[in-house]
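Just so you know, the sequences run in chain order A and B.
Counting in my numbering, the first sequence runs from 1 upward without gaps.
Counting in my numbering, the second sequence runs from 141 upward without gaps.
We treat Cβ as the ideally placed atom computed from N, Cα and C, and that holds for glycine.
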Amino acid sequence: MRTVVAALAGCLGAASPSLAENPTSGFVRLHAIDLLERALTQEQQTKLQLVAYQTAVADVCLGFTLDDAKMAKAFEALAPADAAKMSDAQKDYHDKHILVIYGILVGGELAAMSDDPSEACAAAAKVKTDPDFAGEVVWQ
Amino acid sequence: MLRNSRILLLCVVAATALPTSGSARSWHSDDTAALVGGLLLGGIAASAASHDHVHQNQYIPPPPPYPPRSAPFSPARDVICYPRQGACFNPDGDFLPTWTNRLF
């Protein structure tokens, strides 16, 4: 616990210059990523953030529902890159760790959307139809 | 933990070795007390060392970090991306999932 508190204190100092974006979501996201302790690759970390974003949208906006099969596939892609070298206990720890960080990220996205939910939902509607995003969609 | 065990072991050795420094000398009750004390200390040290094993639910340190990330950048007008977060935003602070997906 002391290590986590020290890490958070360190992050506060290091992170402050890069919090020019939405203060709430930026703060939560940055700390969630630090707490992730680089358990994921950059690509996996982005996927987790995009899934968390879509989860929050599905909770706030009408017309957005999560697809169970797509969610399962997305989380399968978050398996540790070096799983072959890990014990069962380490893999179990990884899965629980990822779930905790996912929960924090969803909370951050919900907090960001609370400023203006209708605008956030309008933006999500554009995202849903963006062909660049088609491969990442976990909505139905 | 290992350092403490070594200190305790030295205490045991000292406690048991001192009475025999005089050459011809009978066994006293003080010697028995020292021996018992030494055995107790040894037991404590062994017990402490046995707690060094990893429990199933214990925190597992993360693997070595990936290479450090670079400074924020703007790939397009009204888009700011933060490599440390692996995320892009517009100037109002809204998360931009498509730009994030494209660049990270």
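Can you grab the Cα-Cα spacing for the pair residue 127/A / residue 237/B, in whole Å?
7 Å
Return helix, strand or coil for residue 25/A, following the three-state DSSP convention.
helix
Taking 6 Å as the limit between beta carbons, can you name the residues of its chain near residue 140/A, skipping five residues before and five after?
65 and 67
Looking at residue 110/A and residue 51/A, is the spacing between their C-beta atoms short of 8 Å?
no
Where does residue 235/B fall in DSSP's three states?
strand
Using beta carbons (cut-off 8 Å, strictly below), is residue 216/B in contact with chain A?
no
Which term fits residue 77/A, buried or exposed, when burial requires 16 or more other beta carbons within 10 angstroms of its beta carbon?
exposed
So is residue 118/A in contact with chain B if we call contact Cβ pairs under 8 Å?
no
Measure the alpha-carbon distance for residue 103/A versus residue 177/B and round it to whole angstroms.
53 Å
Would residue 65/A count as contacting chain B if we go by Cβ distances under 8 Å?
no
Same chain only: Cβ atoms within 7 Å of residue 222/B, ignoring 5 sequence neighbours per side
212
DSSP has residue 216/B in a bridge; who is on the other side?
219/B
Can a CB atom of chain A be found closer than 8 Å to the CB of residue 244/B?
yes
Skipping 5 residues on each side, what residues in its chain have a beta carbon closer than 7 Å to that of residue 230/B?
218, 219 and 236
Mind checking the region 220-240 of chain B against chain A and listing, in chain order, the residues whose C-beta falls within less than 8 Å of any C-beta there?
220, 222, 224, 225, 226, 227, 229, 232, 233, 234, 235, 237, 238 and 240
For residue 232/B, which option in 89/A, 113/A, 137/A and 86/A has the closest C-alpha, if you only look at C-alpha atoms?
113/A
Do we get a CB-CB distance below 8 Å when we pair residue 127/A with the residues of chain B?
yes
Pick helix, strand or coil for residue 121/A, following the three-state DSSP scheme.
helix
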